[in-house]
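Numbering (the numbering used here), first residue to last: 2 to 71.
Using N, Cα and C, we set each Cβ at its ideal position, and we do this for glycine too.
Every value quoted in this text rests on a predicted model; they were computed, and no experiment measured them.
This report refers to the structure that appears directly beneath it.
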C-alpha cells in the first residue's frame, strides 16, 4: 500500500465521516417508514379489510359446522 500524507489521511477520514452521516440519515428514514404501523395500515386498508372479512367468514363457517354436529 502506498504511503499517504497526514493531509490525505485526514481528508479520507472526513470523506468517510460524511458518507457515514448520509448513510445513517437514510437508514433512519427507512426505519421510520417501516415502523410506522399507522401509515402501513393506511396504505393497505383494502387488503386488511378483505383479510378480516375472510377470517370472519372462516370462523363463522366453523362455528356453524360445530352447531350442526352438536
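Nearest-angstrom Cα distance between residue i and residue j?
i          : j          : result
residue 36 : residue 67 : 40 Å
residue 41 : residue 32 : 13 Å
residue 65 : residue 57 : 12 Å
residue 24 : residue 30 : 10 Å
residue 51 : residue 69 : 27 Å
residue 4  : residue 21 : 24 Å
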